[in-house]
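Below is one structure, written out as structure tokens; the observations come after it.
In this note's numbering, the protein residues as written are 1 to 218.
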């Protein structure tokens, strides 16, 4: 499917010949949500988008942009394997997307996008499992990886990886380098440029937490 198609056209292509509101009822999507999409070209709220994602088997990003439609199947596969592990060796945790610029100083969106199993000891209340989208941190962290961000570990150690807040972008994951007057935020992928934040501009909300672990497949 072309990424140029909008949400309405993508949904109609998935619904096919079925009557749209019958599909909505079967999928657990409210008529008002579907009406706004089909008749007003509206974008749904995050919780509504999550329902559409589960109903269609597509990622929220694919529904909005037409890209990365394979991730939903991949994460679903991970979720289906959660119960295969011994409960004494793993923890089941909810995974969240990084917050966008519309959520000031927040690490993640409020609605989980998946549930996965992580080794016992990886999770504690201060750690938030986060889904990484994009290739700026490859090869260390690949697109689709899940990282554990410890919100209680905000002391910058030069050369380590942190989630930080960027006003024009939202929460991002970068490797930080601390100098007497500035913090350099670096992507491990050299195709992405560094950006610098002067220390006198850094407040308590800049560092959102340190990345403690990464789960991914290449």
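All residues carry an ideal CB built from backbone N, CA and C; glycine is no exception.
Item: Under a three-way DSSP split, which group does residue 13 fall into?; Value: helix
Item: Helix, strand or coil for residue 175, going by three-state DSSP, please let me know.; Value: strand
Item: In or out: residue 13 buried (at least 16 other Cβ within 10 Å) or exposed?; Value: exposed
Item: Where in the stretch 179-213 do unbroken runs of the alpha helix (DSSP H), each at least 4 residues long, occur, reported from the N-terminal end onward?; Value: none
Item: Quick check: the stretch 107-124 against the stretch 142-152, are there 3 or more CB pairs under 8 Å?; Value: yes
Item: Have a look at residue 53 and residue 203 and give me their C-alpha separation to the nearest angstrom.; Value: 36 Å
Item: In angstroms with no decimal places, state the Cα-to-Cα distance between residue 18 and residue 26.; Value: 11 Å
Item: Does residue 157 pass the burial test, meaning 16 or more other C-beta atoms within 10 Å, or should it be called exposed?; Value: exposed
Item: From 168, 190, 208 and 159, pick the residue whose C-alpha is nearest to that of residue 184; which is it?; Value: 159
Item: Determine the DSSP secondary structure at residue 34, reduced to helix, strand or coil.; Value: helix
Item: Taking 8 Å as the cut-off, does the stretch 174-189 touch the stretch 96-108 (at least 3 CB pairs, one atom from each stretch)?; Value: no
Item: How long is the line joining the alpha carbons of residue 173 and residue 97, rounded to whole angstroms?; Value: 12 Å
Item: Sorted by chain position, which residues of the same chain lie with C-beta nearer than 7 Å to residue 23's C-beta, five sequence neighbours on each side aside?; Value: 15
Item: Considering residue 94, what are the terminal residues of the alpha helix (DSSP H) in which it resides?; Value: Not the alpha helix (DSSP H): residue 94 falls in the beta strand (DSSP E), residues 90-97.
Item: Within 10 Å of its beta-carbon, does residue 198 have 16 or more other beta-carbons around it, so buried, or fewer, so exposed?; Value: exposed
Item: Terminal residues of the continuous alpha helix (DSSP H) containing residue 21?; Value: 20-27
Item: Pull up the distance between the alpha-carbon of residue 190 and that of residue 132, whole angstroms please.; Value: 18 Å
Item: How many angstroms separate the CA atom of residue 32 from the CA atom of residue 58?; Value: 21 Å
Item: From 186, 110, 167 and 100, pick the residue whose C-alpha is nearest to that of residue 140; which is it?; Value: 186
Item: Thinking just about the alpha-carbon of each residue, which of 7, 48, 215 and 205 is nearest to the one in residue 167?; Value: 205
Item: Look up residue 55 in the DSSP assignment and say whether it is helix, strand or coil.; Value: helix
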